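In this note's numbering, the protein residues as written are 61 to 200. Where is the CB? At the ideal position from N, CA and C, for every residue including glycine. These figures come from a predicted structure and were not determined experimentally. To start, the structure itself, in structure tokens.
And the structure:
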């Protein structure tokens, strides 16, 4: 990996994460870009999720908003965006392409759904999530 692959976490303007694709890696093993946890994952998983930074809690910690097309009655629950730190898990520089999302899906209120069973487009699958800076730091 070249130094051009080393980018400040705070410079990332959007993440487009795809099912079936792995993250890039330098120090750690690649992981799936999208990892769904929980029983709802057996019924549905989005093909693509897009996340954008919406703020920072200081340092390299970034808060994210993520969205995807989700079926009627389903929304994101917990979300964690994690990227491989360049030198270690606390490095504010990350490896380009190393970010992934771990999430779960939960039932949403039917009162929020439209006639086609999707949440309105400006709220569809949106969830505020936090950057987990030490992704995989304890992996061999």
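Subject >> residue 146 versus 123, 168 and 157, residue with shortest Cα-Cα distance >> reply: 157
**OP:** Kindly indicate which three-state DSSP category residue 70 falls into: helix, strand or coil?
**Re:** helix
Subject >> Alpha carbon of residue 163 to alpha carbon of residue 97, nearest angstrom >> reply: 6 Å
**OP:** Please name the residue in 107, 95, 153 and 66 whose C-alpha comes closest to that of residue 138.
**Re:** 95
Original post:
So who's on the other strand from residue 152, going by DSSP bridges?
Top reply: Paired residues: none, contrary to the question.
Original post:
Taking the alpha carbon of residue 143 as the point to measure from, which residue in 71, 90 and 154 has its own alpha carbon closest?
Top reply: 154
**OP:** Pick out the complete beta strand (DSSP E) segments inside the segment 84 to 116, 3 residues or longer, and give them in chain order.
**Re:** 94 to 96 and 108 to 116
**OP:** Reducing DSSP to helix, strand and coil, say where residue 64 ends up.
**Re:** helix
**OP:** Below 8 Å on the Cβ atoms is my guess for residue 83 versus residue 91; work out the distance and round it to an integer in Å.
**Re:** 5 Å
Subject >> Euclidean distance between Cα positions of residue 133 and residue 100 >> reply: 11 Å
Subject >> Sequence-distant residues of its chain with Cβ nearer than 6 Å to residue 115 (five each side left out) >> reply: 123
Subject >> Simplified DSSP assignment, three categories, for residue 126 >> reply: strand
Subject >> For residue 186, three-class secondary structure by DSSP >> reply: For residue 186, the predicted structure reports a pLDDT of 48, less than 50, and the residue's modelled location is therefore unreliable. The matter cannot be settled from this model.
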